[in-house]
Amino acid sequence: MDPCVFFPRHTRKTTHSLFSSHLPLTRISSSYSQSSTFTPNTQDKMTSLHALPEELLDRIMHFSPLSSLHALTLVSKTLSRIATSHLYTTIALTRHSFKYLRPLTLLLWTSPKHRHLVRSISVSRAYGGNLVPWPRYTGLDALIEEQVGLYVRKEERKRWSRQVRDGGDALAIASLLLRSLPHVRRMGFDGFELVDPGDGSGGV
Numbered sequence: 001m002d003p004c005v006f007f008p009r010h011t012r013k014t015t016h017s018l019f020s021s022h023l024p025l026t027r028i029s030s031s032y033s034q035s036s037t038f039t040p041n042t043q044d045k046m047t048s049l050h051a052l053p054e055e056l057l058d059r060i061m062h063f064s065p066l067s068s069l070h071a072l073t074l075v076s077k078t079l080s081r082i083a084t085s086h087l088y089t090t091i092a093l094t095r096h097s098f099k100y101l102r103p104l105t106l107l108l109w110t111s112p113k114h115r116h117l118v119r120s121i122s123v124s125r126a127y128g129g130n131l132v133p134w135p136r137y138t139g140l141d142a143l144i145e146e147q148v149g150l151y152v153r154k155e156e157r158k159r160w161s162r163q164v165r166d167g168g169d170a171l172a173i174a175s176l177l178l179r180s181l182p183h184v185r186r187m188g189f190d191g192f193e194l195v196d197p198g199d200g201s202g203g204v
């Protein structure tokens, strides 16, 4: 499953991207005394980029826009690994992207690599309903039952499994997803109250 189909979003503002533009370089022609500008080709730029230490690449990507991060995941294994970590560190679901909650949940439940990257998750001005269907996945029912079994009391598991699998209300899915993210440090839910699967009543 391609991680780039989802819509995790940075909350920080981007003021500059080293990947969207470059400074013109000058060269002196042997035939002419005046200088002219030229643009390095793509291979030269990629070679220079790979020559940078990973610590510097990580810092650069911290300030890069989402579009650049998506593009970098397709360049090389090294850049994909670093860019992916920034794509999924902060997940911000809005009224436009919240409908992809099911595909996002499936990705995070089936990919420990992505699940362990998430440090912050927020939902803003998004409400249940109009969710896109679960992606085709062999063993989806078993996966849902596994997740429900980890966090929901035994007497509530059947009801939760039905709500997560077929229910139109996103509350159960979002609540269960949050409980399955082990490294989340920050949460924000604007007008969206979650339910603790552990007791089935109180808000998270």
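Residue 68 in full-length UniProt numbering is what sits at position 68 of the sequence shown, and the numbering runs on without skipping anything.
C-beta: ideal position from N, C-alpha, C; glycine also.
Separation of T90 and R153 (C-alpha to C-alpha, rounded to the nearest whole angstrom) is 29 angstroms. Burial state of H86 is buried, judged by a 10 Å Cβ sphere holding 16 or more other Cβ atoms. Counting every other CB atom within 10 Å of its CB across the protein chains shown gives R102 a total of 16 or more, marking it as buried. Following the DSSP letters along the chain, one finds D190 inside the beta strand (DSSP E) bounded by residues 186–190. Ranked by Cα distance from P182, the options L150, D166, L56 are led by L150. Per DSSP, reduced to three states, the secondary structure at A71 is helical. W109 and L143 do touch by the CB rule: their CB atoms are close to 6 angstroms apart, below 8 angstroms.
At least 8 angstroms separates the beta-carbon of V123 from that of L171. Between the C-alpha atoms of L178 and V75 there is a straight-line separation of about 31 angstroms. The three-state secondary structure of V118, taken from DSSP, is coil. Of all alpha-carbon atoms in H114, L66, M61, L57, the one lying nearest the alpha-carbon of V184 is that of H114. Closest in C-alpha terms to I173, from the list S68, E145, S48, comes E145.
A straight-line Cα-Cα distance of about 16 angstroms links L69 and V118.
Within the same chain, and ignoring the five residues on either side of D141 in sequence, the residues whose Cβ sits closer than 7 angstroms to its Cβ are R165. By the beta-carbon neighbour count (other beta carbons within 10 angstroms, threshold 16), P112 is exposed.
Of F189, P197, S180, the smallest CA-CA separation from H116 is found for S180.
Residue burial is scored here from C-beta neighbours: S48 has fewer than 16 other C-beta atoms within 10 angstroms and is therefore classed as exposed. Closest option to E156, judged by alpha-carbon separation, among P197, P65, A71: P197. The segment 83–149 contains, as complete alpha helix (DSSP H) runs of 4+ residues, the segments 101–110, 112–115 (chain order).
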